[in-house]
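Asker: From first to last, the protein sequence lines stand for chains A and B.
With the numbering used here, the residue at position 428 of the first sequence is 410, and numbering never jumps.
In the numbering used here, each residue's number is its place in the second sequence (first place is 1) plus 96.
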Amino acid sequence: MSDTLPTKPGDKVFRPRRIKYFHLKRVLGIPGLFSAGYGNVGSSIYYALGIVALTALGATPIALGAAGIIYIFNSLAYAEGAAMIPEGGGSASFARHAFNNLVGFIAGWALMLSYIATIAISAYTVPPYLSYFWPVLSEPVVSTLMSIGIIVLLMIVNVMGVKESSRLNIVFIVVDIITQIAIVVLGIVFILRVNPGVLMENMFGEGNWPSTPNFIMGIAIAALCFTGVETVSQLAEETRKPAERIPRAYFLMIIVVLVLFSGISIVALSAMTPQMLGDPVNGWGRDPVAGIAANLPIAELRNIFAPLVAVLAASILLTATNAGLLGISRLTYNLSTHKQFPSIFSRIHKRYRTPYISIILFCVVAMCLLIPGFTRPGFFSDLGALYVFGSLLGFSLAHAAILSLRINQPDVPRPFKMGWNISIKGKEISLVTFFGLIANGGIWIVILITQPFSRWAGIAWMVAGLIIYFLFRIRKKSDTPDWQIEREKEKGL
Amino acid sequence: MPYSKILVPVVGTEVDGEAMKLACRLAKNEKEKEKSKIWAVSVVAIKRALPLDAEIDSEIKRAESVLDRVQSVAEEEEFEIETDVLQAREVGPAIVDEAVERGVSLIVMGIIYKRQFGQFSLGDVVPYVLKNSPCPVILYQQ
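1. How would you list, in chain order, the residues of chain B whose beta-carbon sits under 8 Å from the beta-carbon of serine 311/A?
2. Is there at least one Cβ from chain A nearer than 8 Å to alanine 119/B's Cβ?
3. Taking the alpha carbon of valine 23/A as the point to measure from, which residue in Ala250/A, Tyr232/A, Phe416/A and Ala382/A has its own alpha carbon closest?
4. Find out if the Cβ-Cβ distance for the pair proline 337/A, leucine 146/B is shorter than 8 Å.
5. How far does the beta strand (DSSP E) with phenylalanine 216/B in it reach, from first residue to last?
6. Label glycine 214/B either buried or exposed according to how many other C-beta atoms from any shown protein chain fall within 10 Å of its C-beta, with 16 as the threshold for buried.
7. Taking the DSSP output, what are the residues bridged to aspartate 180/B?
8. Candidates Val233/B, Val225/B, Leu218/B and Ala136/B: which alpha carbon is nearest phenylalanine 50/B's?
9. Run through DSSP, which three-state label would aspartate 112/B get?
10. Chain B beta carbons: is any one of them nearer than 8 Å to that of glutamate 226/A?
11. Could you check whether the Cβ of glycine 376/A sits closer than 7 Å to any heavy atom belonging to the ligand FAD?
12. Spatial neighbours of valine 553/A within its chain, please: CB distance less than 6 Å, with the 5 preceding and 5 following residues excluded, ordered by chain position.
13. For valine 9/A, would you say it is in contact with chain B, using Cβ-to-Cβ distances shorter than 8 Å as the test?
14. Buried or exposed, going by whether 16 or more other CB atoms sit within 10 Å of the CB of aspartate 164/B?
15. Helix, strand or coil for glutamate 219/A? Go by DSSP, reduced to three states.
16. With DSSP run on the structure shown, which of helix, strand or coil describes serine 75/A?
17. Under a CB-based cut-off of 8 Å, is tyrosine 315/A close to chain B?
18. Candidates Cys120/B, Val221/B and Gln237/B: which alpha carbon is nearest serine 239/B's?
19. Would valine 106/B pass as an interface residue toward chain A - the criterion being a Cβ-Cβ separation below 8 Å?
20. Output, in chain order, the set of chain A residues within a Cβ distance shorter than 8 Å of glutamate 155/B.
21. Leucine 119/A and methionine 128/A look like a contact to me (Cβ under 8 Å); what is the Cβ gap, rounded to whole Å?
22. Please list the terminal residues of the continuous alpha helix (DSSP H) segment that includes glutamate 194/B.
23. What are the boundary residues of the beta strand (DSSP E) that includes valine 104/B?
24. Establish whether the CB of aspartate 193/B and some CB of chain A are separated by less than 8 Å.
25. Three or more C-beta pairs closer than 8 Å, one from the stretch 170 to 190 of chain A and one from the stretch 25 to 36 of chain A: is that the case here?
26. If we cut at 8 Å on Cβ distances, does proline 247/B have a partner in chain A?
27. Residues in the stretch 132 to 145 of chain A with C-beta within 7 Å of chain B's C-beta atoms, listed in sequence order?
28. Select from Pro359/A, Glu410/A, Ile326/A and Glu226/A the residue whose C-alpha is nearest the C-alpha of isoleucine 12/A.
29. Can you have a look at alanine 442/A and say buried or exposed, based on whether 16 or more other CB atoms are within 10 angstroms of its CB?
30. If you measure from the beta carbon of leucine 543/A to each beta carbon in chain B, is any gap under 8 Å?
31. CB valine 347/A to CB isoleucine 203/A, shorter than 8 Å?
32. For phenylalanine 435/A, collect the residues of the same chain with a Cβ closer than 6 Å to its Cβ; drop the 5 residues on either side in sequence, then sort them by chain order.
33. For a contact defined as C-beta to C-beta under 8 Å, what are the partners of threonine 341/A on chain B?
34. Decide if lysine 124/B is buried, meaning its Cβ has at least 16 other Cβ atoms within 10 Å, or exposed.
35. Do you know how far the Cα of glycine 206/B is from the Cα of cysteine 231/B?
36. Quick one: is methionine -17/A buried, meaning 16 or more other Cβ sit within 10 Å of its Cβ, or exposed?
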């Protein structure tokens, strides 16, 4: 436009960006992926073992084994999904690609609930482990106050965006795995081998075997041990060669997690009765691994392992709390950029360049979840059930999405494809996904029926999310010109 | 020495221009001038609370203006360069990774004199690049 001509009201100046596409540097490898994934899945043994023992009693190792099979299904489904769709968002992304924005949002919102529960439950289990050094931390009021303090501290740290070293994370995880292996080996050598009858008594003895409904419930709660499977797929967009590395990281996690979890659960039941293992007030319900260390028969070993487990468990649980916080802020941003969630939640702080609104808001929600802890220490099993509610809904939708993509988009490149396929009307259906969907959905329904707290809190959370979603979509539609709606439809937004 | 491919990471300090001039002169020394290539990159570090593909407009615009400046410096030296904005979690690994990916024969970095706790400090990016670079690195300090 010539400078001599006056500017008309309809004139627009369009300045195209010189560099239209910036490059994303993807540097994560298998160690980075594994440490992030194991940091989340592996941390759950530090609290979930006690919650499972509270319900499944002597059948705890068997309940964990059954949940472990479902964990394999979930890992394989996520490996296929993340290798096929290497973008952050996990099940929310799979569901958006397979179905539509609404289902994608439901999966993402359920995942958010599980992240909030991770933050709350991980922070809540740090003080019991540290009570080895300061016994006052086992008091409910002090313990809950400290848990809330941990969340406040991490909230400030994450709003300011302090750097996190992935190398340090890997070192932590390696030390953690070595300690867990040492505990399992020492437990087998000094406890189980000396008197194998104790394990049989603690599992099948009178009053130790659960009723059938409790056993089923135990399997459902045991799913808590394996809920961090989402973490690796969330990092898909940061992974170099995701098609190769993500499935490998999942396989490595399956082996390590299943071997260590089964070993720890057997050693735990060799070292103490299931009642002691699950009791959150007078037993080791909130710090089960510390219980194993405290029950080692040789004083020298106890003196080494009890403080080591206390420090390691506290640090791993802190890492898991932080991972939940990072996960939820990234997921919120992901949903906002795909027009599934109000953009205010992805607003970035001018100075610190972090999504401060979502970090603060979801930390406050996690802190509110901890309030019953002041009066009722046993409430953390309710928190565990709420975690399972959110995670399993997300997993079920992930399986459904992978199944739907197999049927509706069979030609999309799948660098990793699950086995056990059957052909129906020319479509290749994976039995792993089918059984995964049935198992996750079934356990979710069990939780819904038997757990009143997670039922009402979970349903309230989902309804609140849907109200936000529909209000946001209606408002967005009325604010957006028709041509833009058409363009967004074409783009699939 | 054969410096046919040169990478110049820029951060927006005054010394960026000088580093670019140095890179252009080193490239010109080559007999086959037309084959020498210079890339200027500006790395936007994304915090872990955000996905890696988060578009922080202010940061990207800043990175672009920094690249614009060094591009004009290169034009004054009668050299055509390529520029790129990278988004990464950490700056050091992104520079090294870019150098490996592009197969560069030299990295030229401009640094300024800065102090941390009363001591001269190179920060954490320069030592990382010096330690992990696949090729020679020239530091230009103003």
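The beta-carbon is built from N, C-alpha and C at its ideal position, and this holds for glycine as well.
Answerer: Let me spell this out:
1. Within chain B, the residues Ala145 and Leu146 have their CB atoms less than 8 Å from the CB of serine 311/A, given in chain order.
2. False, the Cβ-Cβ gap to chain A never drops below 8 Å.
3. In this structure, Tyr232/A is the residue among Ala250/A, Tyr232/A, Phe416/A and Ala382/A with its C-alpha nearest to the C-alpha of valine 23/A.
4. In this structure, leucine 146/B lies closer than 8 Å to proline 337/A by Cβ.
5. Counting along the chain, the beta strand (DSSP E) containing phenylalanine 216/B begins and ends at 215 to 217.
6. In the assembly as shown, glycine 214/B is an exposed residue. Its beta-carbon has fewer than 16 other beta-carbons within 10 Å.
7. The partner list for aspartate 180/B (beta bridge, DSSP) reads Val137/B.
8. Past the edges of chain B, shown from 97 to 238, lies residue 50/B, and the structure says nothing about it.
9. Helix.
10. Contact of glutamate 226/A with chain B is not assigned, every C-beta pair being separated by 8 Å or more.
11. With respect to the ligand FAD, the structure shown offers nothing to examine, as it has no ligands at all.
12. Because chain A here runs from -17 to 475, residue 553/A falls outside it and cannot be looked at.
13. Closer than 8 Å to some Cβ of chain B, the Cβ of valine 9/A qualifies, so yes.
14. Aspartate 164/B comes out exposed.
15. The answer is helix: DSSP assigns glutamate 219/A an H, G or I state.
16. Note: serine 75/A maps to helix in three-state DSSP.
17. Taking 8 Å as the CB threshold, tyrosine 315/A lines the interface with chain B.
18. Residue 239/B lies beyond the stretch modelled for chain B, which goes from 97 to 238, so this question has no answer here.
19. Interface criterion not met: the Cβ of valine 106/B is under 8 Å from no Cβ in chain A.
20. Correct list: Arg335.
21. Contact flag correct, Cβ pair sits at about 6 Å.
22. Its alpha helix (DSSP H) spans residues 187 to 198.
23. That run of the beta strand (DSSP E) goes 101 to 105.
24. True, the Cβ-Cβ gap to chain A drops below 8 Å.
25. No contact exists between the stretch 170 to 190 of chain A and the stretch 25 to 36 of chain A.
26. Any answer about residue 247/B is impossible in this case: the structure gives chain B only from 97 up to 238.
27. Of all residues in the stretch 132 to 145 of chain A, only Asn140 and Gly143 place a beta-carbon less than 7 Å from a beta-carbon of chain B.
28. That would be Glu226/A, whose Cα lies nearest to the Cα of isoleucine 12/A.
29. Classification for alanine 442/A: exposed.
30. The requested residue 543/A does not occur in the structure, where chain A is confined to residues -17 to 475.
31. Not in contact: valine 347/A and isoleucine 203/A (Cβ atoms no closer than 8 Å).
32. Excluding positions up to five away in sequence, the list reads Asp364.
33. Here the sequence assigns isoleucine to residue 341/A, which means threonine is not the residue at that position. Ala145, listed in chain order.
34. By the neighbour-count rule (16 or more Cβ atoms within 10 Å), lysine 124/B is not buried but exposed.
35. Cα to Cα, cysteine 231/B sits roughly 16 Å from glycine 206/B.
36. Only weak support is given to the placement of methionine -17/A: the predicted model assigns it a pLDDT of 42, under 50, and the question is left unresolved by the model.
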